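Participant: Next up is a structure, given as structure tokens.
Protein chains: 2
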Amino acid sequence: MPIPPRPDSTSNPPADTSVITVELGDRAYPIAIKSGETGLADPSGFASHFLDAVGDCTHAIVVQDVAIADSAGSMITQSLKSSPLRLSVIQIASGETSKSTDRIAQLWNEMLDTAADRRSVVIAVGGGVIGDLAGFAAATFTRGLRLVQVPTTLLAMVDSSVGGKTGINLPGGKNLVGSFWQPHMVWIDTDFLSTLPEREYISGLAEVIKYGVIEDADFFEYLEANIAAILQREPEPTRTAIAKSCESKARVVADDERETTGRRAILNYGHTFAHAVESTAGYGVMLHGEAVSIGMQMAAELSVSLGRCDRELLERQTALLAAAGLPLTWEDADVNDMIAVMARDKKVAHGKLRFVLPDRIGNVELVGDVPADEVAAAIRACR
Amino acid sequence: MPIPPRPDSTSNPPADTSVITVELGDRAYPIAIKSGETGLADPSGFASHFLDAVGDCTHAIVVQDVAIADSAGSMITQSLKSSPLRLSVIQIASGETSKSTDRIAQLWNEMLDTAADRRSVVIAVGGGVIGDLAGFAAATFTRGLRLVQVPTTLLAMVDSSVGGKTGINLPGGKNLVGSFWQPHMVWIDTDFLSTLPEREYISGLAEVIKYGVIEDADFFEYLEANIAAILQREPEPTRTAIAKSCESKARVVADDERETTGRRAILNYGHTFAHAVESTAGYGVMLHGEAVSIGMQMAAELSVSLGRCDRELLERQTALLAAAGLPLTWEDADVNDMIAVMARDKKVAHGKLRFVLPDRIGNVELVGDVPADEVAAAIRACR
């Protein structure tokens with residue numbers, strides 16, 4: 001039985017909201033950014049957008065983080081009950097350990113138990129773990145079901161829910177197994193953020209600030225002027241921060257969907273250092289965005305010392321990350337351990353250290369063959 | 001690190017062999033059909049074709065059926081040793097049980113143990129089980145490695161190695177998890193067939209004959225004239241039978257890579273019945289091609305009784321399948337059990353029975369809403 005065709009998401013956008021389109025030809029899809037009466041407070045709002053986005057569908061499988069089952073999960077299922085869809089719900093335990101080979105095998109079997117077929121659509125409700133796991137299940141069950149992402153954390157809203165990366169971990173490393181699988185819609189209701197713990201919210205802001213540095217200088221200036229209001233989660237600036245971040249990611253992904261041209265690598269600004277921070281600290285000690293903040297500082301230090309940018313860039317980035325309440329240094333950083341981790345990173349070509357480095361606010365370049373002693377100095381500068 | 005780009009496989013085909021191109025735009029790839037001095041008897045032949053087809057590569061992972069480790073597997077690894085590639089070999093136990101969630105998890109970890117990265121290429125050496133399992137591992141490890149298929153059974157040469165379907169089974173059903181993932185090359189050495197057991201060889205002929213019925217009347221006539229020689233595995237007619245089958249499958253796949261237009265469904269001629277035969281008989285009782293032969297007979301009976309074709313088509317198909325030594329009937333067929341299985345089939349739309357039915361040799365159509373009593377009569381006619 002054929003998978004139903006993808007509706008043309010670029011035409012006829014709903015009039016009541018800001019919709020960003022990820023321009024991927026026949027895989028283009030909308031990111032709907034909602035709140036209040038246009039969000040899940042409208043009982044039938046999600047269901048009608050859902051049906052517009054996915055087209056022919058008789059069965060929805062909500063895969064949700066058990067921690068949000070009574071909040072976001074419940075609002076999604078309530079909205080779908082206003083539709084004629086058959087509805088199944090699968091609960092996933094919170095936390096990175098759910099991104100395992102055992103859990104994906106169980107999830108595939110649970111999907112089969114719901115009598116899923118190629119007309120079924122998977123709806124991932126939760127943070128990055130749920131989006132990655134449920135997205136990989138959607139990519140692979142009967143060789144591909146349609147997917148809708150409903151991110152409930154700031155980090156998932158501005159990063160992991162957009163762009164089509166799905167996957168699970170192996171004992172030997174994170175995200176080593178997965179697929180590129182674009183969703184049919186990303187549904188962001190900023191009201192979900194009202195209950196997000198402060199530390200998680202701030203962690204998400206690291207990725208927001210990252211977009212300003214890598215490809216949108218105007219957005220960086222906007223963040224400098226509005227960071228206090230965003231920290232207070234004031235609706236309009238928070239919404240703008242999310243929308244601009246999604247637009248930025250959508251542009252990069254549209255240029256390089258599957259990491260073949262190298263352009264998508266700019267999204268890894270700060271991340272080579274951050275992965276080494278997370279890995280040597282032990283996963284879970286630091287939140288991902290906290291490690292990214294420190295990693296961006298190390299990358300900017302490296303760029304300054306290589307003469308690729310002036311110190312003012314580093315100073316502006318430092319000030320903005322600090323204003324957001326993000327960490328700038330890690331006093332326990334072990335230089336040798338971190339460099340050893342970076343040399344094993346799957347993004348390293350033949351053992352040479354490569355980094356995404358800024359030359360000005362709003363532009364970064366992929367730089368190869370960086371001397372290890374310069375890398376060590378950048379780590380030490382953030383210790 | 002980006003995945004290296006796919007070389008342009010349509011230009012500069014090797015001059016020494018028949019190469020069929022699967023026309024899939026930027027995912028086009030060659031099927032090289034070899035034997036004797038142009039096949040694995042030439043120590044460096046495979047390696048040089050491999051490097052032409054995959055492009056930039058430093059590491060090859062041979063995933064092979066343990067049963068052919070000393071024959072085809074050894075010839076592949078010997079050939080690769082003439083190249084500068086780093087080489088890893090992973091053994092898979094023979095049989096359908098290797099297409100499990102446990103085995104794919106183990107395979108992912110074994111690939112990580114070889115220090116595979118995105119420049120690594122997976123080479124699947126074996127029958128359909130190995131191609132499906134290793135293909136799915138390639139599709140998903142670090143979100144996608146390049147894949148080369150080296151089918152060693154007739155069935156894999158003419159069917160599963162071409163077209164990009166990969167996957168594993170769940171306890172609840174076959175091929176329920178997988179990806180569409182096109183190889184960079186299919187390498188067919190017909191010399192491998194010399195040691196294939198007679199029953200397996202004949203089983204593969206069912207799929208060969210299928211291509212004649214579904215979309216190549218000239219090929220059907222060729223088979224009628226040459227079936228005795230093909231049964232004797234005479235080199236030239238055997239090679240022609242394989243090449244024409246691959247050309248036929250390549251045309252269908254090029255029209256409908258991901259089963260979105262419905263065209264690819266014609267490859268399932270006989271298969272809806274065959275799956276019900278296999279499922280009610282118990283998997284492993286009958287070889288796949290044997291069930292397909294019986295299923296094609298049931299489908300042709302159904303087409304005749306629906307008035308969609310004349311009885312001569314059925315008679316010609318019956319004669320050719322019989323001449324190939326394939327079964328035409330199954331005396332243990334349970335009509336109700338088989339119809340129950342067909343109603344659950346993932347290719348069934350909303351419980352309505354749909355079949356690929358011939359109207360003349362060389363053309364089939366997808367027919368929906370077939371009355372259950374007509375289906376029952378077709379099963380009874382082949383009992």
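Heads up: the sequence lines are chains F and S, in that order.
Position one of the first sequence corresponds to residue 1 (the UniProt record's numbering), numbered consecutively onward.
Position one of the second sequence corresponds to residue 1 (the UniProt record's numbering), numbered consecutively onward.
Where is the CB? At the ideal position from N, CA and C, for every residue including glycine.
Just so it is clear, the structure is predicted and the values come from calculations on it, not from any experiment.
1. Taking Cβ-Cβ distances shorter than 8 Å, what residues in chain S pair up with residue 141/F?
2. Could you give the uninterrupted runs of the alpha helix (DSSP H) lying entirely in the UniProt domain "3-dehydroquinate synthase N-terminal" (90–202) of chain S, keeping only those of 4 residues or more?
3. Would residue 180/F pass as an interface residue toward chain S - the criterion being a Cβ-Cβ separation below 8 Å?
4. Kindly list the residues whose CB is nearer than 7 Å to the CB of residue 254/F, restricted to its own chain and excluding five residues on each side of it in sequence; keep chain order.
5. Is it true that the segment 271–280 of chain S meets the segment 329–346 of chain S, where meeting means three or more beta-carbon pairs spaced less than 8 Å apart?
6. Enumerate in chain order the residues of its own chain whose CB-to-CB distance from residue 53/F is below 6 Å, with the five nearest sequence positions on each side excluded.
7. Which of the three DSSP states, helix, strand or coil, is assigned to residue 218/F?
8. Are the beta-carbon atoms belonging to residue 181/S and residue 147/S less than 8 Å from one another?
9. My understanding is that residue 321/S touches residue 293/S, with C-beta atoms under 8 Å, so please give their C-beta distance in whole angstroms.
10. Going by DSSP, what residues sit across from residue 369/S in a beta bridge?
11. Could you spell out where the beta strand (DSSP E) holding residue 60/F opens and where it closes?
12. Using a cut-off of 7 Å between C-beta atoms, extract the partners of residue 170/F located in chain S.
13. Does residue 105/F come within less than 8 Å of chain S when only Cβ atoms are used?
14. Give a yes or no on whether 8 Å exceeds the smallest Cβ distance from residue 97/S to chain F.
15. Using only the alpha-carbon positions, how far apart do residue 19/F and residue 189/S sit?
16. Is it buried or exposed, residue 99/S, if we count other Cβ atoms within 10 angstroms and call 16 or more buried?
17. What is the rounded straight-line gap between the Cα of residue 299/F and the Cα of residue 84/S?
18. Measuring straight from C-alpha to C-alpha, what distance separates residue 364/F and residue 173/S?
19. Put residue 11/F into one of helix, strand or coil per three-state DSSP.
20. Does the CB of residue 126/F have a neighbour CB from chain B at under 8 Å?
21. Taking the continuous beta strand (DSSP E) assigned at residue 52/S, which residues delimit it?
22. Taking DSSP as the reference, what is the three-state secondary structure of residue 292/F?
23. Could you check which residue in 82/F, 138/F, 373/F has the C-alpha nearest to that of residue 112/F?
24. Considering only the alpha carbon of each residue, which of 170/S, 242/S, 375/S lies closest to residue 201/S?
25. Check whether chain F comes within 8 Å of residue 34/S, counting only Cβ atoms and requiring the distance to be less than that.
26. Which partner residues does residue 88/S have in the DSSP bridge list?
27. Within its chain, find whatever has a CB closer than 6 Å to the CB of residue 245/S; leave out the 5 residues flanking it on each side and keep chain order.
28. Suppose you measure from the CA of residue 13/F to the CA of residue 97/F; what does that come to, to the nearest Å?
29. At which residue ranges does the UniProt domain "3-dehydroquinate synthase C-terminal" (204–348) of chain S contain complete beta strand (DSSP E) runs of 3 or more residues, listed in the order of the chain?
30. What residue does the alpha helix (DSSP H) around residue 74/F start on, and which one ends it?
31. Just the Cα atoms here: how many angstroms apart are residue 133/S and residue 104/S?
32. If you count every other CB in all the chains shown that lies within 10 Å of the CB of residue 289/S, and 16 or more means buried, which is it?
33. Just checking: is the beta-carbon of residue 173/F within a distance shorter than 8 Å of some beta-carbon in chain S?
34. Any idea what DSSP makes of residue 361/S, helix, strand or coil?
35. Please tell me whether residue 297/F and residue 213/F are closer than 8 Å, where the distance is taken between their beta carbons.
36. Checking the sheet assignment: what are the DSSP bridge partners for residue 22/F?
Facilitator: In short, the structure shows the following:
1. Those within 8 Å of residue 141/F in chain S are 176, 177.
2. Entirely contained in the UniProt domain "3-dehydroquinate synthase N-terminal" (90–202) of chain S, the alpha helix (DSSP H) runs reaching 4 residues are, in chain order, 101–113, 128–140.
3. Cβ-Cβ to chain S under 8 Å: yes for residue 180/F.
4. Scanning its chain for C-beta atoms nearer than 7 Å, with the 5 sequence neighbours on each side dropped, one finds around residue 254/F the residues 22, 23, 24, in chain order.
5. In short, these stretches touch, since the Cβ pair count reaches three.
6. Apart from sequence neighbours up to five positions away, the residues of its chain that approach residue 53/F with a beta-carbon distance below 6 Å are 184, 185, ordered along the chain.
7. Three-state DSSP puts residue 218/F in a helix.
8. The answer is yes: Cβ separation under 8 Å.
9. Indeed they touch by this definition, with Cβ atoms about 5 Å apart.
10. DSSP lists no partner for residue 369/S.
11. For residue 60/F, the enclosing beta strand (DSSP E) has its first and last residue at 59–65.
12. Result: 108, 109, 112.
13. The beta carbon of residue 105/F sits closer than 8 Å to some beta carbon of chain S.
14. For residue 97/S, the answer is no, since every Cβ of chain F falls outside 8 Å of its Cβ.
15. Computed Cα separation, rounded: 53 Å.
16. Counting the other Cβ atoms within 10 Å of the Cβ of residue 99/S gives 16 or more, which makes it buried.
17. So the alpha carbons of these two residues sit roughly 35 Å apart.
18. Distance between the alpha carbons of residue 364/F and residue 173/S: 49 Å.
19. With a pLDDT of 47 at residue 11/F, under the threshold of 50, the modelled position of this residue cannot be trusted; read the value that follows with caution. Secondary structure at residue 11/F: coil, using DSSP grouped into helix, strand and coil.
20. Among the protein chains of the structure shown, namely F and S, there is no chain B.
21. First-last for residue 52/S: 45–54, but that is the alpha helix (DSSP H), not the beta strand (DSSP E).
22. Correct three-state label for residue 292/F: helix.
23. Put simply, of 82/F, 138/F, 373/F the residue whose alpha carbon is nearest the alpha carbon of residue 112/F is 138/F.
24. Closest in C-alpha terms to residue 201/S, from the list 170/S, 242/S, 375/S, comes 242/S.
25. No, residue 34/S lies away from the interface with chain F (no Cβ there is under 8 Å from its Cβ).
26. DSSP, once it has assigned bridges, lists 61/S as partnering residue 88/S.
27. Closer than 6 Å at the Cβ level, and outside the excluded window around residue 245/S, lie 158, 208, 211.
28. Any answer about residue 13/F is weak, because its pLDDT of 42 lies below 50 and its placement is not dependable; what the coordinates show is given next. Computed Cα separation, rounded: 38 Å.
29. No beta strand (DSSP E) of 3 residues or more sits fully in the UniProt domain "3-dehydroquinate synthase C-terminal" (204–348) of chain S.
30. Start and end: 74–81.
31. In this structure, the CA atom of residue 133/S is about 7 Å from the CA atom of residue 104/S.
32. Under the 10 Å beta carbon count, residue 289/S is surrounded by 16 or more other beta carbons and is classified as buried.
33. Any Cβ of chain S closer than 8 Å to the Cβ of residue 173/F would place that residue at the interface, and such an atom is present.
34. Looking at residue 361/S - three-state DSSP - the assignment turns out to be coil, as it is neither helix nor strand.
35. Going by C-beta atoms, residue 297/F is not nearer than 8 Å to residue 213/F.
36. Residue pairing by DSSP places residue 22/F opposite 29/F in a beta bridge.
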